[in-house]
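Visitor:
Number of protein chains: 2
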Amino acid sequence: MAEKIKTLSLTPNFDKGSGLVPAVAQDAFTGEILMLAYMNKEAFQKTIETGQVHYYSRSRQELWHKGGGSGNVQIVKEIYLDCDWDAVLVKIEQVGAAACHTGRRSCFHFKRLKDGQYEVLEG
Amino acid sequence: MAEKIKTLSLTPNFDKGSGLVPAVAQDAFTGEILMLAYMNKEAFQKTIETGQVHYYSRSRQELWHKGGGSGNVQIVKEIYLDCDWDAVLVKIEQVGAAACHTGRRSCFHFKRLKDGQYEVLEG
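So the sequences go chain by chain: A and B. So for the first sequence, our numbering puts the first residue at 1; every next one is plus one. So for the second sequence, our numbering puts the first residue at 1; every next one is plus one.
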């Protein structure tokens, strides 16, 4: 007998963040967190429609197809919302070597040391 | 010969988010993303000083010692900043069964299905 799956109709709550929700991109295969950026409603819809992650660039104030220029696109594997629907987790396949514009795999490459300095991680 | 580690003096950039930065809590052992919340300067300092994660509650507008009431505290293992220092990643040991106030392990328990509905993940 098939188990019944409990489902809900949900949409991200864009109101709390003035039209934006933070979106975490996690490597679907390694679990590594690659970056955190923001989505507006359009970016979230484009992400679903195209299967590639779109963000909203706060600095450029425009829709941002991640990797659209560099080719380092992020292919959507799974999408999750959190308990109050105001944060998004996208599990992705990162095309190309880097998620970060610095050429590093992950944007989270500054690791805090005990003395309060930050080690710059390469790779 | 010991390799030289490249280090920097950094502080999170709280200005871009009106005094707040998003902070992602990741299970240091499994890689699972447990929650996303926000830190102000005080919360970030308290996290470092105490070794337990502190956030800033946007709804209550006050410092929030995660698990201070329930006992489900988050013990800091590593802290990372991203490339422009406006997002924090904390790798943690989650004490107790749940990071989420709903009793679930992770706050990201709504998984999007192909039909646009969200499956409610238990556990």
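Glycine residues also receive a C-beta, built at the ideal position from the N, C-alpha and C atoms. Note that the structure is predicted; figures quoted are calculated from it, not measured.
Go ahead and label Ala-37/A buried or exposed: buried means 16 or more other beta carbons lie within 10 angstroms of its beta carbon, across all protein chains shown.
Guide: Burial call: buried.
Visitor: When the Cα atoms are used, what is the spatial distance from Gly-17/A to Cys-83/A?
Guide: Their backbone Cα atoms lie some 16 Å apart in a straight line.
Visitor: Considering Ala-43/B, what are the terminal residues of the alpha helix (DSSP H) in which it resides?
Guide: Its alpha helix (DSSP H) spans residues 41 to 50.
Visitor: Taking buried to mean at least 16 other C-beta atoms within 10 Å of its own C-beta, is His-54/B buried or exposed?
Guide: His-54/B is buried by the Cβ-count criterion.
Visitor: Considering just the uninterrupted stretch of the beta strand (DSSP E) at Asp-82/B, what are its terminal residues?
Guide: Element bounds for Asp-82/B: n/a, residue is neither H nor E.
Visitor: Between Tyr-118/B and Leu-8/A, is the Cβ-Cβ spacing less than 8 Å?
Guide: Yes, they are a contact pair.
Visitor: What does the alpha-carbon distance come out to for the pair Met-39/A and Thr-50/B?
Guide: When rounded, the distance between both Cα atoms is 33 Å.
Visitor: Can you tell me the Cα-Cα spacing of Asn-13/A and Val-95/B, whole angstroms?
Guide: For Asn-13/A and Val-95/B, the distance between alpha carbons rounds to 29 Å.
Visitor: For Gln-26/A, report the span of its beta strand (DSSP E) as first-last.
Guide: Run containing Gln-26/A: 21 to 27, per the beta strand (DSSP E) assignment.
Visitor: Could you have a look at Lys-4/B and say whether DSSP puts it in helix, strand or coil?
Guide: In this structure, Lys-4/B counts as coil in the three-state DSSP scheme.
Visitor: Less than 8 Å between C-beta atoms, sequence neighbours within five positions excluded: which residues of the same chain meet that for Arg-58/B?
Guide: Leu-20, Tyr-38.
Visitor: Between Val-24/B and Ile-33/A, how many whole angstroms is the CB-CB distance? I'm expecting something under 8 Å.
Guide: 6 Å between Cβ atoms; contact.
Visitor: For Arg-112/A versus Ile-92/B, is the C-beta spacing smaller than 8 Å?
Guide: Result no, Cβ atoms of Arg-112/A and Ile-92/B do not sit closer than 8 Å.
Visitor: Sort Lys-46/A, Asp-27/A, Lys-114/A, Val-88/A by Cα distance to Gly-68/A and report the nearest one.
Guide: For Gly-68/A, the nearest C-alpha among the options comes from Lys-46/A.
Visitor: Here's the rule I'm using: 16 or more other beta-carbon atoms within 10 Å means buried, otherwise exposed. How should Ala-87/A be labelled?
Guide: By the neighbour-count rule (16 or more Cβ atoms within 10 Å), Ala-87/A is buried.
Visitor: Does DSSP put Leu-34/B in a helix, in a strand, or in coil?
Guide: Of the three classes helix, strand and coil, the one that applies to Leu-34/B here is strand, per DSSP.
Visitor: Please report the distance separating the alpha-carbon of Leu-133/A from that of Leu-10/B.
Guide: Because chain A here runs from 1 to 123, residue 133/A falls outside it and cannot be looked at.
Visitor: Which residues does DSSP list as the beta-bridge partners of Leu-63/A?
Guide: BP columns for Leu-63/A point to Tyr-56/A.
Visitor: Return the first residue and the last residue of the beta strand (DSSP E) that Lys-111/A is part of.
Guide: Counting along the chain, the beta strand (DSSP E) containing Lys-111/A begins and ends at 110 to 112.
Visitor: Reducing DSSP to helix, strand and coil, say where Lys-16/B ends up.
Guide: It is coil, neither helix nor strand.
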